[in-house]
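Each residue of the sequence shown is one higher than the one before, starting from 10 at the first, in the working numbering.
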Amino acid sequence: MDAKFLEILVCPLCKGPLVYDKVAQELICKPDRLAFPITDGIPMMLESEARELPPEEDVK
Ligand SMILES: [Zn+2]
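The structure is reproduced here in structure tokens:
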């Protein structure tokens, strides 16, 4: 995925920066503890599509 593309992506909830998890293909918002899936290279930037990170999951 294009790094520049990632730079402009922010969390739809808090407008904060997202962490790209290459392995899981997710964009993670640390403050909200949400992981937005990337499907076929397209980030699903919808709260309804996001996965809630369990407390035990380590956020990088
Ligand atoms: Zn957020």
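The C-beta atom is built at its ideal place from N, Cα and C for all residues, glycine as well.
Pick helix, strand or coil for residue i, following the three-state DSSP scheme.
i            : result
glutamate 58 : helix
aspartate 1  : The structure shown does not extend to residue 1, since the chain is modelled only from 10 through 69, so no value can be given for it.
leucine 18   : coil
proline 40   : coil
proline 46   : strand
glutamate 65 : coil
Check the DSSP bridge columns for residue i and list the partner residues they point to.
i          : result
proline 52 : Ile47
List the whole-angstrom C-beta distance separating residue i from residue j, where the pair is believed to meet the contact cut-off of C-beta under 8 Å.
i          : j             : result
proline 21 : glutamate 56  : 6 Å
proline 70 : methionine 53 : Any answer about residue 70 is impossible in this case: the structure gives the chain only from 10 up to 69.
Check your reading: residues with Cβ closer than 7 Å to ligand 1 heavy atoms: Cys20, Leu22, Cys23, Gly25, Cys38, Pro40, Asp41 and Leu43
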